[in-house]
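Peer 1:
Residue numbers (UniProt numbering): 1 to 91.
1. Taking the continuous alpha helix (DSSP H) assigned at residue 85, which residues delimit it?
2. Go through its chain and collect everything with a Cβ distance to residue 43's Cβ below 7 Å, but skip five positions before and after it.
3. How about residue 16 and residue 7: do their beta carbons lie closer than 7 Å?
4. Assign residue 70 to one of three DSSP states: helix, strand, or coil.
5. In this structure, does DSSP put residue 30 in helix, strand or coil?
Given below as structure tokens:
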């Protein structure tokens, strides 16, 4: 369903989304949006933060054991690998 309505930009840079459209999508006060500039204009998409189940460090570490069977890395080795990854990503 496509709906075309006209709205206005306020002096504070705010745009009001018409009530009928807000109701149709279930958007309440405080709804956050991703604003993307496209060739056709602006695209607003509701922002839905990624929600992951709560986990403990032991659960995460236990998961990693299934995929890595080598010798445990030292903190120094991990720091070096992180620094190398950062350096490679900026080249």
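For each residue, glycine too, the CB sits at the ideal point set by N, CA and C. If you're wondering where the values come from, they're calculated on a predicted model, not measured in any experiment.
Peer 2: Result, derived from the coordinates:
1. For the purposes of this step, residue 85 is identified with residue 85 of the chain shown, where counting begins at 1. Looking at the DSSP string, the run of the alpha helix (DSSP H) that includes residue 85 is 75-89.
2. Locating residue 43 in the chain shown gives position 43, counting from the first residue. Cβ neighbours of residue 43 beyond the five flanking positions: 36.
3. As a working mapping, residue 16 is identified with position 16 in the chain shown. As a working mapping, residue 7 is identified with position 7 in the chain shown. Result yes, Cβ atoms of residue 16 and residue 7 sit closer than 7 Å.
4. By 1-based counting over the chain shown, the position of residue 70 is 70. Of the three classes helix, strand and coil, the one that applies to residue 70 here is coil, per DSSP.
5. Translated into the one-based positions of the chain shown, residue 30 becomes position 30. Reduced to three states, the DSSP call for residue 30 is coil.
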